[in-house]
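Quick notes on the structure that follows.
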Amino acid sequence: MRHSIRKQFAVIFIGMMAATVAFCWLLNSVFLETYYTKEKEKNLLEVHGLINQAAVDGTLDTEEFLHITLPNLCGRYNIDGLVVDIQSQELKAFGTDLEQSKLQLWDNLIFLDRQQAKYLLETGQYKMTVVTDKRTNTEYLELWGNLDSGDIFLLRTALEGIRDSVKISNRFLAYVGAFAALASGVVIWFLTRKYTEPIMELVKISERVANLDFNAQYTGKVDNEVGILGANINHMSSELEKTISELKTANNELMNDIQKKIELEGMRTEFLSNVSHELKTPIALIQGYAEGLRDGIQDDAEERDFYCGVIVDEAQKMNQMVKKLLNLNQLEFGNDPITLERFDIRTLIDNYLQAADILARQNETMVEFSEGAPVFVWADEFKVEEVFTNYYTNALNHAEKGKDGKKRIRITLEQQGDFIRIGVFNTGKPIPEESLPRIWDKFYKVDKARTRAYGGSGVGLSIVRAIMESMNQRYGVENLEEGVLFWFELEQA
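Adding 73 to a residue's 1-based position in the sequence shown gives its number in the numbering used here.
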């Protein structure tokens, strides 16, 4: 991803680190020397205060002050000093090199050109100046004047070292800053993965939801804003699926209502005509055999049982036909509403084949249906099962032995653009070309003798047509080399 949050985090963090180091380097360069000089001024005033107090208290000449207290303090601040008692002309010097300090400080006190000095502080008792030793070309910060006891004092500390210290400090800061920025960049690169990976997961989930894949669910357990966002996306996904299902159902019902009024009257007329035609034969058979029993045509008990069996069989066939006609009537008149939902068509077929396995074994028919991943579709699950049942039963009743000497039924799922085509193929004789357009009509039978042998009513494929048209989906039949393929299509989810 070109503008990933992870990269942006790393760049921003490294940039802030670099800016912070640069700012510290700038402050160091501009203010460190001044700050150091101020600290040295405080140190000189502190030592002056200590010496002045000792001179007033009379402890200046004590062993503890001269050899312990004062050397420790001057050594800590790198200060050299000189005190001259005017009355006794006794000189006291202290510092790192006492003898050299006496010579340098005494020489500076007498011969140093004070007009060239830079005065930082001046009172009635002492002055603080920045002077340069011409012999060593070294710059010093000096405090000199009179103590409250009348003695003359001079304290000084070198300033030259601070400039080198500033340079060294800046170089070190630059090196450390560069390393810290680089190391922090590496650390932040790996740390941001913890936060960006859930975000990337949400991005992928949102893309799948945008493509109407509502199986995408956020599974992270992070209890922060990302976790709340993931939970909201999951809720949004489920609500979208529910809403789309309702919209598809409403849209489908609207399309059906448009055609409903146009076809209603013709369907009523056709229904009454077909029912009267189909019921005429079984009613005539029942009436004939019943009259024979009443008139005592057959006195043999076995013959009477045969007559009764024919009557019961025809009555059962009439009952099944009436049930199917009522079902078909409900579909065609729109009294059986369609509910579109998302389900796995492969699971539906698997479950039905397991339940109908005994029928295939009784008919000595091999059923082929390959396993695979779930295939989700939008449709009315119960109506689709009825369509498949009619296709499967029809294939089972018409299956004949193929070239290999076996009856076969092959069920397929194929991708057809945005649709899934479900096919049910059976080995056997092809359907005559002139009959192909008419097999979907109510009560039409290609082979009436065979249809009557297994109790067919000629209504099953009409029910298929009514269901598929109520869902506004395609269906059809094809003659293939070794048999017949019936198919229908459903919208892929």
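Every residue, glycine too, gets a C-beta built ideally from N, C-alpha and C.
Keep in mind the model is a prediction, meaning the values are calculated, not measured.
task: Could you tell me the distance, in whole angstroms, from the CA atom of Gly258 to the CA atom of Phe86?
output: 7 Å
- prompt: Cβ of Val557 within 9 Å of Cβ of Phe498?
  reply: Contact annotation: Val557 and Phe498 have beta-carbon atoms nearer than 9 Å.
field: Other residues of its chain near Asp514: CB distance less than 7 Å, five sequence neighbours each side excluded
entry: Ser535
message: Along the chain, where does the alpha helix (DSSP H) containing Arg547 start, and where does it finish?
response: Note, Arg547: premise wrong, no alpha helix (DSSP H); not H, not E.
- request: Tell me whether the beta-carbon of Asp417 lies closer than 9 Å to the beta-carbon of Ile540.
  value: Taking 9 Å as the Cβ cut-off, Asp417 and Ile540 do not qualify as a contacting pair.
message: Thr466 and Arg481 - do their beta-carbons sit closer together than 9 Å?
response: With contacts defined by Cβ atoms closer than 9 Å, Arg481 and Thr466 do not form a contacting pair.
- prompt: How is Gln565 classed by DSSP in three states: helix, strand or coil?
  reply: strand
- prompt: Looking only at C-alpha atoms, which of Phe461, Glu473, Val532 sits nearest to Phe559?
  reply: Phe461
task: Could you check which residue in Asp153, Val157, Asp158 has the C-alpha nearest to that of Gly168?
output: Asp153
message: Using only CA atoms, which one of Ile431, Lys165, Val457, Arg419 lies nearest to Ile411?
response: Val457
query: For the alpha helix (DSSP H) that Val537 lies in, which residues bound it at each end?
result: 533–543
message: Met439 and Lys479 - do their beta-carbons sit closer together than 9 Å?
response: yes
message: Please report the straight-line C-alpha distance between Ile331 and Glu364, rounded to a whole angstrom.
response: Cα to Cα, Ile331 sits roughly 49 Å from Glu364.
message: Within 10 Å of its beta-carbon, does Phe561 have 16 or more other beta-carbons around it, so buried, or fewer, so exposed?
response: buried
message: Tell me the DSSP secondary structure of Tyr213 in three-state form.
response: strand
task: Identify, in the order they occur along the chain, each residue of the same chain with its Cβ nearer than 7 Å to the Cβ of Glu212, setting aside the five sequence neighbours on each side.
output: Around Glu212: Val203, Thr205, Leu232, Glu233.
task: Return helix, strand or coil for Trp451, following the three-state DSSP convention.
output: strand
- prompt: Of the residues Thr316, Ile359, Asn463, Gly218, which one's Cα is nearest the Cα of Lys200?
  reply: Gly218
task: Could you please give me the residues that DSSP links to Arg415 through a beta bridge?
output: Trp451
message: Does chain B have any CB closer than 9 Å to the CB of His471?
response: Considering every chain present, this structure includes no chain B. It has just one protein chain.
message: Within a Cβ cutoff of 6 Å, which residues of the same chain sit near Asn613, ignoring the five residues on either side of it in sequence?
response: Given a span of 74 to 566 for the chain in the structure shown, any question on residue 613 remains unanswerable.
- prompt: Which residues mark the beginning and the end of the alpha helix (DSSP H) in which Gly148 is found?
  reply: Per DSSP, Gly148 belongs to the alpha helix (DSSP H) from 143–150.
CB-CB length for Glu114 against Leu220, believed under 8 Å: That pair is no contact at about 18 Å.
- request: Classify Thr230 as helix, strand or coil using the three-state DSSP reduction.
  value: strand
Beta-carbon separation (whole angstroms), Phe442 vs Leu421, contact threshold 8 Å: Not quite, the Cβ-Cβ distance comes to about 12 Å (not below 8 Å), so this is no contact.
Where Gly528 falls: helix, strand or coil (DSSP): With a pLDDT of 45 at Gly528, under the threshold of 50, the modelled position of that residue is not reliable, and no figure is offered here.
field: Integer-rounded CB distance, given that Leu246 should sit under 8 Å from Cys147
entry: About 30 Å separates the two Cβ atoms, so there is no contact after all.
- prompt: Can the beta-carbon of Thr230 be found less than 9 Å from the beta-carbon of Leu100?
  reply: no
query: By Cβ distance, which residues of its chain are closer than 7 Å to Asn125, with the 5 residues on each side in sequence left out?
result: Only residues of its own chain outside the window of five on either side were considered, and among them Leu220, Asp221 have a CB closer than 7 Å to the CB of Asn125, listed in chain order.
task: Tell me, please, which residues DSSP counts as bridged to Gln489.
output: Phe492
field: Those residues which DSSP pairs with Asn499 across a bridge
entry: Ile482, Val557
Beta carbon of Leu302 nearer than 9 Å to that of Leu275: yes
- prompt: Opposite Leu100 in the DSSP bridges: which residues?
  reply: In DSSP, Leu100 forms no bridge with anything.
task: With DSSP collapsed to three states, give me the class of Gly475.
output: coil
query: Whose C-alpha, out of Lys315, Ala256, Ser310, is nearest the C-alpha of Leu413?
result: Lys315
query: Hey, how far is the Cα of Pro510 from the Cα of Glu326?
result: When rounded, the distance between both Cα atoms is 27 Å.
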